[in-house]
Amino acid sequence: MIKRLSGAIAVLAALSAIGGLAAIFSGGPAAQDARAAAVKSEPAPAEPKTGTVWTAPDQEAAKKRAQEVVPFVDAVMEECQLCRQMRLREAGLGIKDITNSYFLLDSSIIKKSEDLYGPVRFKHTKHAGELKDCALCHHRRPLDAKAKETTRCSACHQEPFRVNQPERIGLKAAYHQQCTGCHQEMKKGPTDCLGCHRKNVPDHKELVNLPEKPEPIQVTKECLRCHKAVGDDMLKTAHWLWKGPSPYTLNRSKHVNHGKATTSINNF
Ligand code: HEC
Ligand code: HEC
Ligand code: HEC
Ligand code: HEC
Ligand code: HEC
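Residue numbers (the numbering used here): 82 to 349.
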C-alpha cells in the first residue's frame with residue numbers, strides 16, 4: 082500500500098514537473114513565473130572564494146622536499162652492481178618500502194646556478210613497478226650501516242667537480258645520465274628536453290593587465306603585447322588562412338571559408 086501510494090506521488094510529481102517544463106518552453110503568460118520558480122528551487126551555488134588559489138597539499142609537500150639539502154655523504158660502500166642488485170632482492174626491498182609515490186625534482190643545489198625550468202615531475206612508484214629493480218636507480222649506498230639503502234641522490238651528488246671526489250658527478254648530470262640514459266636504452270620514456278621540463282612560465286596574474294570585464298579583442302591585444310611572435314606565427318597557419326579550394330575537406334572540395342581571417346568573429 083505504502084509502495085503504491087509513493088508510486089502515485091512520484092507519478093504526480095513527474096506530471097507536475099512536466100507541466101512546469103511545458104510552461105517554461107511554451108513561453109505562455111505563466112512561463113515567467115515557472116521560470117522564476119524553477120530558478121528558486123535550485124540550491125544556490127557556493128560563492129567562490131576570490132583571491133585564493135587552491136593547491137594540492139601533496140604538491141606543496143613535494144615542493145618543500147625537493148628543495149631540502151641533505152648532508153653530503155663521503156664514504157660509499159664498495160659493492161659490485163650485480164652484488165647490490167642480488168642483495169637488495171634477497172633483502173626483499175620492494176614497492177612496500179616506497180614512501181613517496183611521486184617526486185618533484187627541483188633541487189636548490191642545481192637551481193643556485195641554473196633555473197630555466199620548473200620542477201621535473203617523476204612518477205616514482207610507476208617507475209619502480211615497471212622496472213622491478215630498486216638498484217637500477219639506487220645504485221650505491223653510504224658505508225654507514227645505519228644509512229638507508231635508498232639514500233637520496235643529492236646526498237652523494239651535489240656540485241660537480243668536487244676536489245676530493247672527482248668521480249662523483251654533479252646532481253644535474255647524475256639525473257640527466259641516469260634518467261635520459263635509461264630512456265634511450267629502453268626506447269621508452271622521454272628523451273627530449275620538453276618531455277621532462279616545463280618552461281618556467283611567470284605568474285600571469287601579475288603580467289596581464291585588463292579591465293574588469295574585458296572585450297575579447299582587448300584580451301587578444303593584451304596577450305600580443307608580449308607574445309607578438311606567437312601572434313605572427315598564427316597568421317601563417319591554416320587556422321588563419323583556411324580559405325579557398327580544399328581537396329581535403331569532405332563535401333567542401335571546391336571552396337572553404339573557415340579560417341579566422343574570414344568567417345570567425347574574433348578575427349583580430
Ligand atoms: C627509475 C629510478 C628509480 C627506481 C626504479 C626506484 N627509485 Fe626510489 N627514488 C628515485 C629517485 C630519483 C628518488 C628521489 C631521490 C632524491 O630526492 O634525491 C627516490 C627516492 C626514494 C626514497 C626516498 C628516500 C628519502 O630518503 O627520502 C625511497 C624510500 C625510495 N626511493 C625507495 C625505492 C624502492 C624501495 C624502490 C624499489 C621498489 C625504488 N625506490 C625504485 C628513483 C628510483
Ligand atoms: C651513497 C652514494 C650515492 C648515492 C645515494 C647515489 N650515487 Fe650515483 N654515484 C655515486 C658514486 C660514488 C659514483 C661514482 C661511480 C661509481 O663508483 O659508481 C656515482 C656515479 C653515478 C653516475 C655515473 C654513472 C655510473 O653509474 O657510474 C650516475 C648517472 C649516478 N651516479 C646517478 C645517481 C642517481 C640518479 C642517484 C639517485 C637515484 C644516485 N646516483 C645515488 C654515489 C652515489
Ligand atoms: C632504469 C630505467 C629508467 C630510469 C632510470 C628512469 N626512467 Fe623514466 N621511464 C622509464 C620507462 C620504462 C618509462 C615508460 C613507462 C611507461 O610509460 O609505461 C619511463 C617514463 C618516464 C616518463 C613519462 C611517463 C610518466 O610516467 O611520467 C617521464 C616523465 C620519466 N620517465 C621521467 C624520468 C625521470 C625524471 C627520471 C630520473 C629521475 C627517470 N624517468 C628515470 C624508465 C626509466
Ligand atoms: C628524462 C628527463 C629529462 C630530460 C629528457 C632532460 N632533463 Fe634536464 N633535468 C632533469 C632533471 C631530473 C633535472 C634536475 C631537476 C632539479 O632537481 O632541479 C634536470 C635539470 C636540468 C637543468 C637545470 C635546472 C633548471 O631548471 O635550469 C637544465 C638547464 C636542464 N635540465 C636542461 C635540459 C635540456 C637542455 C635537455 C634536453 C637536451 C634536458 N634537460 C633533458 C631531467 C631531464
Ligand atoms: C607582460 C608580458 C606578458 C603578457 C601580457 C602575457 N604573457 Fe604569456 N608569457 C610571458 C612570458 C615572459 C612567458 C615565458 C616565456 C615564454 O614562454 O615565452 C609567457 C609564457 C606564456 C605561455 C607558455 C608558453 C610555453 O611555450 O610554454 C602561455 C600559454 C602564455 N604565456 C599565454 C598568455 C596569454 C593567453 C596571455 C594573455 C591573456 C599572455 N600570455 C599575456 C609574458 C606575458
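Where a beta carbon is used, it is the ideal one built from N, C-alpha and C, also for glycine.
Nothing here was measured: the structure is a model prediction, and the numbers come from that model.
Query                                                                                                                                                                : Result
For Lys324, does the three-state DSSP call read helix, strand or coil?                                                                                               : strand
So Cys237 packs on Val154, CB below 8 Å; how close in whole Å?                                                                                                       : 5 Å
By how many angstroms is the C-alpha of Lys253 removed from the C-alpha of Thr261?                                                                                   : 11 Å
Does the Cβ of Pro283 lie closer than 7 Å to at least one heavy atom of ligand 5?                                                                                    : yes
Indicate, with yes or no, if ligand 1 has a heavy atom lying under 7 Å from the CB of Arg249.                                                                        : no
Roughly how many whole angstroms lie between the Cα atoms of Asn338 and His205?                                                                                      : 49 Å
Using DSSP with H/G/I as helix, E/B as strand and the rest coil, what is Leu197?                                                                                     : coil
Under 8 Å: do the stretch 182-202 and the stretch 276-284 share three or more Cβ pairs, one atom per stretch?                                                        : yes
I'd like to know whether the C-beta atoms of Glu303 and Leu316 end up nearer to each other than 8 Å.                                                                 : no
Within its chain, find whatever has a CB closer than 7 Å to the CB of Ser182; leave out the 5 residues flanking it on each side and keep chain order.                : His205 and Thr206
Which residue comes first and which comes last in the beta strand (DSSP E) that contains Leu186?                                                                     : Tyr183 to Leu186
Spatial neighbours of Leu186 within its chain, please: CB distance less than 7 Å, with the 5 preceding and 5 following residues excluded, ordered by chain position. : Ala147, Pro200, Val201, Phe203 and Tyr256
Do His264 and Thr272 come within 8 Å of each other at the CB atom, strictly closer than that value?                                                                  : yes
Are Ile190 and Glu240 touching if we call contact CB-CB under 8 Å?                                                                                                   : yes
Is Pro200 near ligand 2, judged by its Cβ being under 7 Å from some heavy atom?                                                                                      : no
Measure the CB-CB distance between Cys215 and Leu169 and report whether it falls below 8 Å.                                                                          : yes
Cβ-heavy atom distance between Leu217 and ligand 5 below 7 Å?                                                                                                        : no
Return the residue from the list Val134, Val289 and Ile179 that minimises the CA-CA distance to Glu230.                                                              : Ile179
Could you check whether the Cβ of Gln193 sits closer than 7 Å to any heavy atom belonging to ligand 4?                                                               : Note on residue identity: the sequence assigns Lys, not Gln, to residue 193. Every heavy atom of ligand 4 is 7 Å or more from the Cβ of Lys193, so no.
The alpha helix (DSSP H) with Cys304 in it runs from where to where?                                                                                                 : Pro297 to Cys307
Compute every distance between the C-beta of Thr232 and the non-hydrogen atoms of ligand 2, then say whether any falls below 7 Å.                                    : yes
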